[in-house]
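See below for the structure under consideration.
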Amino acid sequence: MREIVLINITGEDRPGLTAAITGVLAQGGVNILDIGQAVIHDTLSFGILVEIPHTEQASSVLKDVLFTAYKLDQQVRFTPVSEDDYQQWVGGQGKTRYIVTLLTRKVTAEQLQRVSSITAQYGLNIDHIDRLSGRMPLDTPADQGKGCIEFSVRGEPSDPAALRADFLSVAQELNVDIAFQRDSVYRRNRRLAVFDMDSTLIEAEVIDELAKAAGVGDRVSDITERAMRGEIDFRASFTERLALLKGLPESALEQIGASLRLTEGAELLFAELKRLGYKTAILSGGFSYFAKQLQVRLGIDYVFANELQIEDGLLTGVAVEPIVDAQRKADLLRQLAEQEGLRLEQTIAVGDGANDLPMLGLAGLGVAFRAKPLVKQSAKQAISTLGLDGILYLLGFRDREGTE
């Protein structure tokens with residue numbers, strides 16, 4: 001007759017502990033059914049689910065484990081597990097798994113309580129909790145912190161739409177981001193990332209900056225806002241705004257290009273994506289003059305943006321066809337994925353405006369970055385609290401895995 005026992009060991013972490021405990025189990029001919037270990041602030045929590053082939057061996061094996069743990073200054077708890085309970089546990093391994101990712105400047109107990117309560121409310125069980133962000137000094141300025149906690153959950157949500165709505169509501173209330181995505185083989189195997197440019201890779205809408213130089217800033221800015229909110233068609237708004245720039249000297253482009261600032265986290269994100277073997281692209285309704293500057297600066301592989309028509313050193317107020325609008329962005333994403341031999345599930349798309357929604361919906365991971373409310377509600381995922389490098393956390397990337 002066999003026995004199944006869950007062994008829990010806690011205490012100060014020290015080298016050789018795992019080898020010592022498993023060595024005792026090895027001498028008893030024990031089979032390992034499950035094992036897990038975590039260390040928090042040098043305190044160990046170690047669990048082993050074992051099958052002891054013969055009942056008469058159990059007492060001797062467990063006594064040896066207890067003695068070895070005592071010598072290592074560890075506490076031990078033994079919990080018998082019935083075969084029925086074990087078989088029920090085995091039967092649950094086929095259940096769907098999801099990843100819930102909490103992103104914030106500073107992790108608080110309230111944030112974790114609200115996220116864990118929502119997962120429980122919709123029938124999801126938390127299997128693992130991991131900190132992906134690095135260790136933060138206590139005196140880190142509030143606007144410079146980076147916190148990310150990843151929950152691995154099991155089950156099928158009773159109402160996926162309501163679950164997402166609750167996560168979005170909590171995210172807005174507590175000024176955090178909460179991502180919810182299926183845990184699949186593609187999550188850590190994506191290989192193409194495409195980005196909008198204006199207000200995504202750079203902290204400006206270039207057409208608004210050009211409009212200021214042309215003396216029509218307020219008129220163009222108002223149209224831009226309405227377009228980004230999805231109140232008016234992008235192509236129509238683009239044509240209207242561009243016409244107002246007619247006669248602007250070409251020299252203004254250089255001045256504006258020199259003043260553009262990268263979005264927080266952009267350089268780190270692209271450095272890591274390149275190191276991980278990703279192909280990257282700009283798919284922008286903005287202008288290629290500025291996109292090509294970013295291409296050089298960030299090492300981007302592809303650029304698709306609108307070409308300004310210039311005659312006699314002056315902008316004509318029109319762009320060279322084809323215009324990169326919402327549909328073309330989605331088409332280009334599909335085209336690039338096919339060109340690179342990738343499935344769409346292996347792609348990432350990032351943008352902030354309504355004209356980005358088709359490509360965000362098409363990509364395996366679509367991220368609305370510091371986006372307007374309509375876009376945040378419609379996109380699969382959203383990041384507003386951290387910089388662009390927060391996207392790495394959605395891939396399961398840990399800060400300690402970085403180049404620094």
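At position 113 of the sequence shown (counting the first as 1) the number is 113 in UniProt numbering, and the numbers step up by one without a gap. Glycine included, each C-beta is placed from N, C-alpha and C at the ideal position.
Sequence-distant residues of the same chain with beta carbon closer than 8 Å to D42, five excluded per side: In the sequence shown, counting from the first residue as 1, residue 42 sits at position 42. Contacts found: E12 and D13.
Entirely enclosed alpha helix (DSSP H) segments - the stretch 2–85, minimum 4 residues: 17–27 and 55–71
9 Å Cβ cutoff met for G28 and I48: Translated into positions along the sequence shown, residue 28 becomes position 28. Translated into positions along the sequence shown, residue 48 becomes position 48. No. Outside cutoff.
Euclidean distance between Cα positions of L269 and R261: As a first step, residue 269 must be located in the sequence shown, where it is residue number 269. As a first step, residue 261 must be located in the sequence shown, where it is residue number 261. Using only the alpha carbons, I get a separation of about 15 Å.
Inter-stretch contact (C-beta, 8 Å, three-pair minimum) for the stretch 323–333 and the stretch 359–369: yes
Cβ-based burial, R190 [other Cβ within 10 Å; buried from 16]: Within the sequence shown, residue 190 is the residue found at index 190, counting from 1. By the neighbour-count rule (16 or more Cβ atoms within 10 Å), R190 is buried.
Range of the contiguous alpha helix (DSSP H) that encloses residue 420: The requested residue 420 is not part of the displayed model; the chain covers only 1 to 404.
Given 8 Å, three or more beta-carbon pairs between the stretch 288–305 and the stretch 250–261: yes
Range of the contiguous alpha helix (DSSP H) that encloses F180: For the purposes of this step, residue 180 is taken as residue 180 along the sequence shown, with counting starting at 1. Taken as a continuous stretch (DSSP letters only), F180 belongs to no alpha helix (DSSP H), being part of the beta strand (DSSP E) at D177 to R182.
Proximity winner among Y302, I300 and N306, relative to E285 (alpha-carbon distances): The sequence position of residue 285 within the sequence shown is 285, counting from 1. Note on residue identity: the sequence assigns Gly, not Glu, to residue 285. Taking only the C-alpha atoms, the option nearest G285 is N306.
A371 beta carbon less than 9 Å from that of A379: Stepping through the sequence shown from its first residue, residue 379 is reached at position 379. Stepping through the sequence shown from its first residue, residue 371 is reached at position 371. Going by C-beta atoms, A379 is nearer than 9 Å to A371.
Which residues DSSP lists as bridging K279, in chain order: Your numbering for residue 279 matches position 279 in the sequence shown. Partner(s): L192.
Minimum C-alpha distance to L395 - residue among V115, Y98 and E209: By 1-based counting over the sequence shown, the position of residue 395 is 395. The shortest C-alpha separation from L395 is found at Y98.
Which of helix, strand or coil DSSP assigns to D159: Along the sequence shown, one-based indexing puts residue 159 at 159. In this structure, D159 counts as coil in the three-state DSSP scheme.
Residue closest to E311, alpha-carbon to alpha-carbon, out of S251, F234 and M136: Locating residue 311 in the sequence shown gives position 311, where the first residue counts as 1. Ranking the options by Cα distance to E311, first place goes to S251.
Proximal residues to D198 (C-beta, below 6 Å), its chain only, five neighbours per side dropped: Looking up residue 198 in the sequence shown gives position 198. E205, V206 and G286.
Cα-Cα separation, L72 to S60: Here residue 72 corresponds to residue number 72 of the sequence shown, with the count starting at 1. Here residue 60 corresponds to residue number 60 of the sequence shown, with the count starting at 1. Distance between the alpha carbons of L72 and S60 is about 19 Å.
Neighbour-count burial assignment, E156, 16 or more Cβ in a 10 Å radius: The residue labelled residue 156 in the question sits at position 156 within the sequence shown. Exposed.
Beta-carbon proximity list for L253, same chain, < 6 Å, skipping 5 on both sides: Position 253 of the sequence shown, counted from the start, is the residue given in the question as residue 253. Taken in chain order, the residues that qualify are Y289.
Pair within 9 Å by beta-carbon distance, V324 and A193: By 1-based counting over the sequence shown, the position of residue 324 is 324. By 1-based counting over the sequence shown, the position of residue 193 is 193. Not in contact: V324 and A193 (Cβ atoms no closer than 9 Å).
Best match in A214, R219, I232 and M136 for proximity to L374 [C-alpha to C-alpha]: As a first step, residue 374 is located in the sequence shown; it is residue number 374 there, counting from the start. It is I232 whose Cα lies nearest to the Cα of L374.
Alpha-carbon spacing of E404 relative to V39, whole angstroms: Numbered from 1 along the sequence shown, position 404 holds the residue referred to as residue 404. Numbered from 1 along the sequence shown, position 39 holds the residue referred to as residue 39. The predicted position of E404 is uncertain, since its pLDDT is 48 and thus under 50; a value taken from the coordinates is nonetheless stated next. One C-alpha to the other measures close to 23 Å.
Every unbroken beta strand (DSSP E) inside the stretch 295–378 [3 residues or more]: 302–311, 314–320, 347–351 and 365–369
Closest residue to G215 among G230, R187, F195 and L244 (Cα-Cα distance): Counted from its first residue, the sequence shown places residue 215 at position 215. It is L244.
CA-to-CA distance, L17 to A281, given in whole angstroms: One-based indexing of the sequence shown puts residue 281 at position 281. One-based indexing of the sequence shown puts residue 17 at position 17. Distance between the alpha carbons of A281 and L17: 48 Å.
Limits of the unbroken alpha helix (DSSP H) element including G147: Translated into the one-based positions of the sequence shown, residue 147 becomes position 147. That residue, G147, is in no alpha helix (DSSP H); its beta strand (DSSP E) goes G147 to R154.
Where F397 falls: helix, strand or coil (DSSP): Walking along the sequence shown from the start, residue 397 turns up at place 397. F397: coil per DSSP, three-state reduction.
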